[in-house]
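First residue of the sequence shown? That's 3 in the numbering used here, and the numbers climb one at a time after it. Glycine included, C-beta positions come from ideal geometry on N, C-alpha and C. Notes for the one structure printed next.
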Amino acid sequence: MDELKSLITIVSRDFEIDDLLSESLLRERLIEAFAYLLDNDISKMMNILYRTDVDEDKLKKLLISNSELPSAEVIAEAYLSRQKEKIETRKKYSR
C-alpha cells in the first residue's frame, strides 16, 4: 500500500473523506474540517488531536510561529505530519 493510501486510511478513522483524494485535496479537506471544528466543536477537535498524539506544546509553538496563517491550516499540517510519522514508524518496524 503506498503512502497516500495509508495516510487516507488513517485519516478516515477521524474524518469522513473520499478515498480517491490527492494529498493536496486531502490537506484542503482537513483544513476545512479543522476550521469547522474550531468554530463549532473544540472538544471534538481536541479529542482527535489527543488520540492522534499531536504534541500539544509543539502545536502551540507552531500556532504562535505561524500566526499569519489560519489556525485550521496550522492544525491540519500538524495532524498530517503526525500521521505521516506514524506511517514511517510502522514501515520501519514492519520490515
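When only Cα atoms are considered, Phe36 and Arg92 end up about 26 Å apart.
With a cutoff of 8 Å on beta-carbon distance, Lys60 and Ile12 are scored as not near each other. A Cβ-Cβ distance of about 7 Å is found for the pair Ile19 and Ile10, placing them in contact under the 8 Å criterion. Counting of Cβ neighbours within 10 angstroms places Ile50 among the buried residues, the total reaching 16 or more. Ala78 and Arg29 do touch by the CB rule: their CB atoms are close to 6 Å apart, below 8 Å.
For the options Asn68, Asp57 and Leu23, the alpha carbon positioned closest to that of Gln85 is the one of Asp57. When the five nearest sequence neighbours on each side are left out, the beta carbons in the same chain lying within less than 7 Å of the beta carbon of Glu75 are those of Ile33, in order along the chain. Around Ser14, the same chain offers Asp21 as residues with beta carbons nearer than 8 Å, after the five sequence neighbours per side are excluded.
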